[in-house]
Structure formats: C-alpha cells, structure tokens
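What follows is a set of notes on a single structure, which appears directly below.
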Amino acid sequence: MESLTVAVATDDGKSLINRHFGDAEYYYIYRLTPDSFELIKKIENTTEEERQHADPVKAKGVTGMLKEENVQVAVSKVFGPNIKRIRKYFVCVTAPGQTMEDALSKLPDHFQELAAQLEAGESRGIVKLERE
C-alpha cells in the first residue's frame, strides 16, 4: 500500500474538534504516505443533526459521505458511541490534546500500523497518537 486517504475532523482547519468526530463542520482530506501528508480537499459536513445520542442515521450519513471520498482513516480528538459503526469502515485515530498539525505530523510514523489496522477489517482497533 503506497498511500492512505485520511479525514481529519475540524471546524477551523487548525484545531481538531472538541466534540465527536461526526459533529465536525468540515473534514480535511489528506493523502498520507510513509514519508508525508498532503491536503487533497476540504469537504463540508452536510449530514443532518442527531435526533438522538449515537444516532445511527447520523453515523450512516458521515460514513457514506467519507466513503465517497475513498477515506480509509478518520482522525479526531474524540469519537462518540458511533465509533463502533465508524470502525467498520475506517481506521479510527484519536489525538487528544493536539492540533491538526501535531496529529498530521505523527501519522507518517504510524503508516504501517494504520495499513495493518485497515487490513484487519471490522476487528480493527483504535490507534491513539500520544501527546509529546
């Protein structure tokens, strides 16, 4: 695998959101290689608001939108209860207390781990990027 497509949850393009992954205003889509990351595009989160906590309709909307962009990895400070649904399609990466730039700069070092988790299918784990 030469590259992975990564979605980063943000409202402002600088900070990871302090809410659940599916609540982001935008997703910045990156191409990740073992050596670098490159912004491909920014997409607006057009999914409907949750009707209930852990709304499966909301999870389906977010995953569908990101699958259209061929996303394989999802990055956020935190994920909500819908992580069990999101993990079926994406490798989930948590980066607590970090900026987008901090998290993105660590991803190339985790490329092989991310690729292995992707291959694990629905049994994939969660990758946690530690603060330095």
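Just so we're aligned, residue 89 is where the sequence shown starts under the numbering used here, counting upward by one.
Glycine residues also receive a C-beta, built at the ideal position from the N, C-alpha and C atoms.
- Remark: three or more beta-carbon pairs, one from each stretch, lie closer than 8 Å, so the stretch 172 to 182 and the stretch 152 to 162 are flagged as touching.
- According to the DSSP assignment, Ala95 belongs to the beta strand (DSSP E) that extends over Leu92 to Thr98.
- For Ala204, the enclosing alpha helix (DSSP H) starts and ends at Phe199 to Glu207.
- Look at Arg173 here: in three-state DSSP terms it is helix.
- The Cβ-Cβ distance between Met153 and Tyr115 falls below 9 Å.
- Look at Leu127 here: in three-state DSSP terms it is strand.
- DSSP, reduced to helix, strand and coil, places Val150 within a helical segment of the structure shown.
- The beta carbon of Thr93 lies closer than 6 Å to those of Asn158, Val159 and Gln160 in the same chain, with the five residues before and after it left out.
- Annotation for Leu120: the continuous beta strand (DSSP E) segment containing it runs Tyr114 to Leu120.
- Shown here, Glu157 sits in coil according to DSSP, grouped into three states, outside any helix or strand.
- Counting every other CB atom within 10 Å of its CB across the protein chains shown gives Leu195 a total of 16 or more, marking it as buried.
- The stretch 185 to 205 makes contact with the stretch 92 to 111; the number of CB pairs closer than 8 Å reaches 3 or more.
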